[in-house]
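In our numbering, the protein residues as written are 654 to 1133.
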């Protein structure tokens, strides 16, 4: 044991020696002003380094301490860049423990240095899925330039394109989804000329033109049944209205709204007359983790755009029999917008079947444009609300999704500037307690500001997507 202790001490000394430590002469009884805000958060033990910057610093130093043992010290100008290998070793040592960070700053105001009160990060024993996928879109309302669906390795900073429209910048791609977090089962839509739905499964890429299949409807917002055979879609027509004054730039709305079920084995649409009706507008289908229920939202039709403030969506649930491909007769209303207020959209069922996340706004179907929109959650066992207010902000929260182990949640939020949607990661423990979200780590923190693109529909995947790019281009972006 004594020999092991000596080896550990030697290793720690070598780590610290890589960045000779300076001693600040002043102390401040406050936390450092760092960006992103990584104070008092919970992180997975396999996340990328939490690099951060300190404004107005000329030199910044961060000491990383676990159980009163200083493991590494990192210095920089105004930015802390943590070497990946050292970070991974650090998290391995801190797994299931508190990681304390002591930040010291030198600048013209504090030429001899000022040391701030340490802040803590809890390193959870729960890992996070290795990758996420998202669409990156530029600001704009009627057109776009370069658009793509990308994947990011959460254990590092590597980002790769899954598919882009660089061969034809007039084309839109959207609604990417995966079956049960698998990078081998991929679906996305390509709109416009030569468009259709890309379905990649079993190593085979297919192009499906749903408008040519009875009942001849366009489709969107897919939800892949965990059994792989069925895919639920909604079918509606989107519109938008712009505002000349006020905080809200525009309102996006859907007119109509049907639910459709595609059978990948027969290549046919399965329809239920209850879900193809002009008497109700339905949208955003999502399966339960066991595939026994389909969740969706439904609203009474309104005269749009004139009555856009009177559109209120309920949350409903219908049973599903995978063996027959049929929905049950009973439909449950889990959130009644008329009685409880507001309007709900964007649903995400936890993998353990205990919880359902949704986004609530005052009205409408697209909460991304609603500053008041928040993420809310119900416990499916008794229908009671669970307080997840710590995940929300004063700006719009919109899309969300669970990790495969149900411990981590991706939250789309505009909280940084009220304009661009970025990805935040939040933890929920086994008892159902939520914790403060943190911004998706970037190698250079300023990239969170300089990258003027919104992250759209972030989703967890358990590996890297490898599509046959040449075939994608042949099917959807043929040379003109």
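All residues carry an ideal CB built from backbone N, CA and C; glycine is no exception.
DSSP state of residue i mapped onto helix, strand, coil
i	result
residue 746	helix
residue 1042	helix
residue 1125	helix
residue 965	coil
residue 864	helix
residue 739	helix
residue 703	coil
residue 788	strand
residue 1109	strand
residue 681	coil
residue 806	strand
residue 974	strand
residue 1100	helix
residue 949	strand
residue 915	strand
residue 1130	coil
residue 941	coil
residue 936	strand
residue 697	strand
residue 1116	coil
residue 922	strand
residue 768	strand
residue 1092	strand
residue 676	coil
residue 959	coil
residue 781	coil
Supposed contact pair residue j and residue i - C-beta distance, whole angstroms, cut 8 Å
i	j	result
residue 938	residue 947	6 Å
residue 776	residue 750	6 Å
residue 872	residue 853	So it is not a contact: roughly 17 Å between Cβ atoms.
residue 1108	residue 787	5 Å
residue 1051	residue 999	6 Å
residue 815	residue 802	5 Å
residue 961	residue 1025	Wrong, their Cβ atoms sit about 15 Å apart, outside the cutoff.
residue 800	residue 828	With 8 Å as the limit, residue 800 and residue 828 do not qualify as a contact, their Cβ atoms being about 13 Å apart.
residue 1004	residue 1055	6 Å
residue 811	residue 1099	Contact flag wrong, Cβ pair sits at about 19 Å.
residue 912	residue 928	4 Å
Straight-line gap, residue i to residue j (C-alpha atoms, nearest Å)
i	j	result
residue 1134	residue 1033	In the structure as shown, the chain begins at 654 and stops at 1133. Residue 1134 is therefore absent and cannot be evaluated.
residue 972	residue 1036	16 Å
residue 773	residue 714	16 Å
residue 1078	residue 1049	15 Å
residue 780	residue 699	6 Å
residue 953	residue 963	9 Å
residue 685	residue 756	7 Å
residue 1097	residue 1130	34 Å
residue 1103	residue 1080	27 Å
residue 883	residue 914	7 Å
residue 924	residue 1086	40 Å
residue 1089	residue 980	38 Å
residue 682	residue 770	6 Å
residue 1122	residue 818	12 Å
residue 662	residue 746	The pLDDT assigned to residue 662 is 36, lower than 50, so where the model puts this residue is not dependable, and the model offers no usable value.
residue 935	residue 887	7 Å
residue 869	residue 848	15 Å
residue 1106	residue 862	29 Å
residue 1007	residue 1084	11 Å
residue 1018	residue 867	26 Å
residue 1116	residue 823	30 Å
residue 916	residue 975	11 Å
residue 813	residue 728	29 Å
residue 808	residue 1060	16 Å
residue 1126	residue 860	11 Å
residue 943	residue 1030	19 Å
residue 920	residue 820	29 Å
residue 678	residue 759	10 Å
residue 857	residue 835	14 Å
Bridge-paired residues (DSSP) for residue i
i	result
residue 893	905
residue 751	775
residue 929	The partner list for residue 929 (beta bridge, DSSP) is empty, contrary to what the question assumes.
residue 1087	1081
residue 716	726 and 755
residue 1063	1054 and 1078
residue 816	802
residue 885	876 and 914
residue 811	Looking at the DSSP assignment, residue 811 forms no beta bridge with any residue, so it has no partner.
residue 732	706
Distance cut-off 7 Å: residue i Cβ against heavy atoms of the ligand ATP
i	result
residue 776	For the structure depicted, the ligand ATP is absent and the ligand set is empty, with no information on it obtainable.
Beta carbon proximity, residue i to chain C, threshold 8 Å
i	result
residue 1065	Here chain C cannot be found, since the structure has a single protein chain.
Quiz prompt | Within the stretch 978-1044, ranges of the alpha helix (DSSP H) (whole runs, at least 4 residues) | solution = 990-993
Practice problem: Note down, one range per segment and in chain order, each beta strand (DSSP E) of at least 3 residues found wholly within the stretch 820-881. | Solution: The qualifying runs are 826-831, 839-843, 849-854, 857-861 and 873-877.
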